[in-house]
Every structure is written in C-alpha cells, then in structure tokens.
Amino acid sequence: KWDEILEALKNEHDISDVSFRTWLLPLKVYSVSDDIITIMIDDKLIGSDSINFIKRKYGLPLKVAIEEITNLNYELDFILESATSNIEVKNEVSPKKEITKKNPYPFLNPRYTFDTFVVGTNNNLAHAASLAVAESPAEVYNPLFIYGGVGLGKTHLMHSIAHFILEHNPKAKVLYVTSEQFTNELIESIRNRNENSSTAEFREKYRNIDVLLIDDIQFIIGKESTQEEFFHTFNTLHESKKQIIISSDKPPKDIETLEDRLRSRFEWGLTVDIQSPDYETRMAILKKKEELDGLSIDNEVMKYIATNVKSNIRELEGALTKIVALSRLKKREVNVELAEEALKDLISPNNQKNITAELIMEIVSEHFNITVPDLCSTKKSRNIAYPRQMCMYLCRSLTELSLSDIGKKLGNRDHTTVLHGIDKVTKDIQKDSQLQNTVEVLSKKISPQ
Ligand code: ADP
Ligand code: MG
Numbered sequence: 008k009w010d011e012i013l014e015a016l017k018n019e020h021d022i023s024d025v026s027f028r029t030w031l032l033p034l035k036v037y038s039v040s041d042d043i044i045t046i047m048i049d050d051k052l053i054g055s056d057s058i059n060f061i062k063r064k065y066g067l068p069l070k071v072a073i074e075e076i077t078n079l080n081y082e083l084d085f086i087l088e089s090a091t092s093n094i095e096v097k098n099e100v101s102p103k104k105e106i107t108k109k110n111p112y113p114f115l116n117p118r119y120t121f122d123t124f125v126v127g128t129n130n131n132l133a134h135a136a137s138l139a140v141a142e143s144p145a146e147v148y149n150p151l152f153i154y155g156g157v158g159l160g161k162t163h164l165m166h167s168i169a170h171f172i173l174e175h176n177p178k179a180k181v182l183y184v185t186s187e188q189f190t191n192e193l194i195e196s197i198r199n200r201n202e203n204s205s206t207a208e209f210r211e212k213y214r215n216i217d218v219l220l221i222d223d224i225q226f227i228i229g230k231e232s233t234q235e236e237f238f239h240t241f242n243t244l245h246e247s248k249k250q251i252i253i254s255s256d257k258p259p260k261d262i263e264t265l266e267d268r269l270r271s272r273f274e275w276g277l278t279v280d281i282q283s284p285d286y287e288t289r290m291a292i293l294k295k296k297e298e299l300d301g302l303s304i305d306n307e308v309m310k311y312i313a314t315n316v317k318s319n320i321r322e323l324e325g326a327l328t329k330i331v332a333l334s335r336l337k338k339r340e341v342n343v344e345l346a347e348e349a350l351k352d353l354i355s356p357n358n359q360k361n362i363t364a365e366l367i368m369e370i371v372s373e374h375f376n377i378t379v380p381d382l383c384s385t386k387k388s389r390n391i392a393y394p395r396q397m398c399m400y401l402c403r404s405l406t407e408l409s410l411s412d413i414g415k416k417l418g419n420r421d422h423t424t425v426l427h428g429i430d431k432v433t434k435d436i437q438k439d440s441q442l443q444n445t446v447e448v449l450s451k452k453i454s455p456q
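In the UniProt record's numbering, the protein residues as written are 8 to 456.
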C-alpha cells in the first residue's frame, strides 16, 4: 500500500512532481511493527542531511496519510539506508514532459528548471539541497553555497530555485544577479553618488528582498569595496532571515582572495559541490536534451558523444547541437561518421584548451546574449558592434593572432577596422571602471588563472 499512501500524500498536500520525486520516492518501508513504521531514506540519492528535513516537512503529513489509508495509528521512525545495508535500490523515474509556458521572469532562463535538470551521482546532493532551499527558503540552509567547474549546472540550479520559489509564491521578491552585475551596479551607484541618493537605491534594491541568488561569486573577489558592500548586504539579509544562495567555481576555503570574514560567513550554511557527470548521467542529459528539442537521434551517436565529451555539460549539449546543425547544413543523415566529423575539433587528442578566436567569440556572445553569427554579421547596432570590438580587443590581448587574422574571424573585416575597435576598447576601459570590470571577468572566463 506504500504507493497508495505516497499518492494520497501527494494529492492532499499538493506536492509538486519534483518535490515528490526527490523526497518521497526515495522513501521505502523498512519494517513495520505493532505501532512503529520504520522508513528508510535512500541517502545515496538525497544525502544524509535530508533526514531532518524530511522528518520535519513530511513526517506529520506522512503519518496522517498512513492513518487514512490503513486506519491504524503508527509512529514513524526514519533511518538512513546506508545505516542498514548496502543493497542498491535503483530509482528509475522518467519525468513527465513540461508544458512550455511563457516565461514571466525575463531574468531567468525558462529552460533552467528542476524539471529539466538531470540528477546523477555527480550532482544529487547539490540538487537535493537546492530543492530543500527552494521549498523552504531561509529555513534550512542559509546560505547555500554551490560550487563546481565550468558548465556543470550551477546556473541551471540557481535559476531552478528562483523559478520554484516564484511559482509557489509569486509575490516573493527574488533577485538573481551575477557577481559581475552586482559589482557594476555598485560602481554605477558610487559614480552617481553626488547626483542623487543612488547608493541608497542600490542598498534598497539588494536589501529589500526575500531571496538573493548571486552567481559566480569568484568574480567579485579581489575587489575590496565590492567585498565590503557584499559583506553588509549579506549580513543585513541573513539577520532578517532572508535566503542567500551563492555559486562559485571553488569552495570558499580555496578562494584565495576572499576576505576571511566573508569566507567564514559562506561556511555558515551548507556547501555542496557538483562534479563532472559520469557516463550514465551524460547519456541521460543527452536524452533529456533530445526530448526537449524534439529531436530523434540514433543511440549510437548519443553513445559516441557521451563517450567522447566528458568534462563539461555545456560542451556535451553543444556537441549534439553541432551534429544536428551539420546534418541540416549538408543534408546528411545523423550517424556516427557525421558525428566524428562534426566533433573533430572538440575531441582532438591533445585536448589542451588553447585560447582561440572561436572560444573568445563564444564566451563574449554568450555573455552579451547575442550569437556568434551576430558578431560576424554586418549589423552595426551598438549592442552587437560593441561586443564585436570587445572580441577584437580580447583576441589581441589573449592570442597571437594578427590584426588581419582577427578581422577574418570576425566576418572578414579589414585590419584597420580591427585596430580601430581595439583602440576604442582600450580607451574606454581607462575611463570606465564598469567596462574594466567586464573585460576582467571576460578574460577570466576565457582563461581561468
Ligand atoms: P555553470 O553555471 O556551472 O557553468 P550551467 O548551469 O550554465 O553551468 O550549465 C551549462 C549547460 O548545461 C546548461 O545548458 C544547462 O542547462 C546544462 N546542464 C547542466 N547540468 C545539467 C543537468 N544536470 N541536467 C540537464 N542539463 C544540465
Ligand atoms: Mg554559470
């Protein structure tokens, strides 16, 4: 009857699919005695920390549901599976397809939700912690600190938390920013200090909220005034019991330029990591992407990608996109041969990431929310021309390419255009500390360390 009990619980309390999958499905009945039911928690799936959360949040509802279905009154006891034996309980659930709704939150990527997030052994703890925080902001882990390498799903998880909170409480004031935005807005408020009370405005914006998500905190480190301001923001929010969620590429203890007082605060809550996905998780992610994009790809091709693209989920997804694009372009069938051809640059034997114009163009276009073809196009609007000049500047400072090579990469422009672009950015940086910050962040994204 266990399934029945869970089902009743879900319906009565209007528990969302993802919460149900995460917290309730991993529960199994371990033993039943006269008046005690012992419930086993699969801590491999959701971490041993979850026991208290589950007890608190679902203990009573579960008890009530059991009573309803069995007409008997049991006490509940919870144990961790790891404390019982080592039998593996495999938990295959295929998430239902989400109906695509219009995105009401322009600062969030509509595709980054818990429903599209594939849970594997590399990220299950980060996922469980994120969901716990989304369900009970400021009640469980505060701050929640998520760290992991590039392209492993930190931003995806943060957006998922924000979506979840807003969906369940549309009035919640949720603010998601990158640490670069935080820094730039702070610079802006200081610059305008004399004109109006813009520092007060800045503080109002960051302190009068319920949830602050700050992505890529590693990019504010090393800037004293920003750390100072962030420290106060953190304290104000934490003291008034507001949820803070932070992501970074490293754990707090390894961020050298982080002030100790911030480091210790980051460690007040829970720190979880995301590792590189294993083969099965890579396959599951590819399948999810196939489903979301409405594709139908030969399984051998999926295996080929999952075998060869290992460390980064963004590249994993990019590989699939590349293959599909090449097949459309050349009107060829998607098979392993085509996959090999499409991915030959990505899977070169010496997978030493050297800095290329292509890499720079990819990172810059992503940063400014435009596309690589935009960069190479003849479009002259400022929102495209400026990132293009930024590419010229970064290619010049980070690669050995000549002016005319750079011009060729960026849509066959001649070397004087390139020189002009580089000059412009060089001059602007000297006058504009926001721009200087952006260029610094971009350079670090392109060549970490
Ligand atoms: P990070 O912020 O850690 O650099 P992102 O969150 O931007 O990484 O993730 C990179 C890409 O990989 C995104 O398109 C994201 O949707 C996808 N991705 C990452 N982790 C998962 C996952 N577990 N399931 C599905 N997609 C994922
Ligand atoms: Mg990110």
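The C-beta atom is built at its ideal place from N, Cα and C for all residues, glycine as well. It should be emphasised that the depicted structure is a prediction, and the values quoted were computed from it without experimental measurement.
In this structure, does DSSP put residue i in helix, strand or coil?
| i | result |
| --- | --- |
| residue 54 | coil |
| residue 153 | strand |
| residue 119 | coil |
| residue 184 | strand |
| residue 371 | helix |
| residue 277 | strand |
| residue 140 | helix |
| residue 439 | coil |
| residue 12 | helix |
| residue 418 | coil |
| residue 302 | coil |
| residue 68 | helix |
| residue 263 | coil |
| residue 130 | coil |
| residue 62 | helix |
| residue 89 | helix |
| residue 366 | helix |
| residue 431 | helix |
| residue 21 | coil |
| residue 99 | Because residue 99 sits at a pLDDT of 33, beneath the cut-off of 50, its placement in the model cannot be relied upon, and the following sentence gives the value as read from the coordinates. Coil. |
| residue 107 | Residue placement at residue 107 cannot be trusted, given a pLDDT of 44 that sits under 50; what the coordinates show is reported in the next sentence. Three-state DSSP puts residue 107 in coil, outside helix and strand. |
| residue 200 | coil |
| residue 124 | coil |
| residue 313 | helix |
Based on DSSP bridge pairs, tell me the residues matched to residue i.
| i | result |
| --- | --- |
| residue 45 | 38 and 84 |
| residue 218 | 181 and 250 |
| residue 255 | 154 |
Are there 16 or more other CB atoms within 10 angstroms of the CB of residue i, so buried, or fewer, so exposed?
| i | result |
| --- | --- |
| residue 286 | exposed |
| residue 41 | exposed |
| residue 98 | Confidence at residue 98 is low in this model, with a pLDDT of 35, below 50, so the placement of that residue should be treated as unreliable; the coordinate-derived value is given next. Exposed is the call here. |
| residue 421 | exposed |
| residue 30 | buried |
| residue 166 | buried |
| residue 437 | exposed |
| residue 303 | exposed |
| residue 407 | exposed |
| residue 152 | buried |
| residue 121 | buried |
| residue 181 | buried |
| residue 150 | buried |
| residue 176 | exposed |
| residue 33 | buried |
| residue 336 | exposed |
Just checking my contact of residue i with residue j at CB under 8 Å: how many whole Å lie between their CB atoms?
| i | j | result |
| --- | --- | --- |
| residue 258 | residue 280 | 7 Å |
| residue 68 | residue 20 | 5 Å |
| residue 305 | residue 341 | 6 Å |
| residue 255 | residue 262 | 7 Å |
| residue 283 | residue 318 | 5 Å |
| residue 143 | residue 164 | So it is not a contact: roughly 16 Å between Cβ atoms. |
| residue 190 | residue 162 | 17 Å between Cβ atoms; not a contact. |
| residue 349 | residue 329 | 5 Å |
| residue 114 | residue 183 | 6 Å |
| residue 449 | residue 371 | 6 Å |
| residue 245 | residue 251 | 6 Å |
| residue 155 | residue 124 | With 8 Å as the limit, residue 155 and residue 124 do not qualify as a contact, their Cβ atoms being about 13 Å apart. |
Provide the residue span of the alpha helix (DSSP H) that contains residue i, from first to last.
| i | result |
| --- | --- |
| residue 78 | Taken as a continuous stretch (DSSP letters only), residue 78 belongs to no alpha helix (DSSP H), as it is neither H nor E. |
| residue 393 | 389–405 |
| residue 299 | 286–299 |
| residue 112 | Element bounds for residue 112: n/a, residue is neither H nor E. |
| residue 477 | The structure shown does not extend to residue 477, since the chain is modelled only from 8 through 456, so no value can be given for it. |
| residue 324 | 320–337 |
| residue 164 | 161–175 |
| residue 347 | 343–349 |
| residue 380 | 379–383 |
Do we get a CB-CB distance below 7 Å when we pair residue i with the residues of chain B?
| i | result |
| --- | --- |
| residue 432 | Absent from the structure is chain B; it holds one protein chain and no more. |
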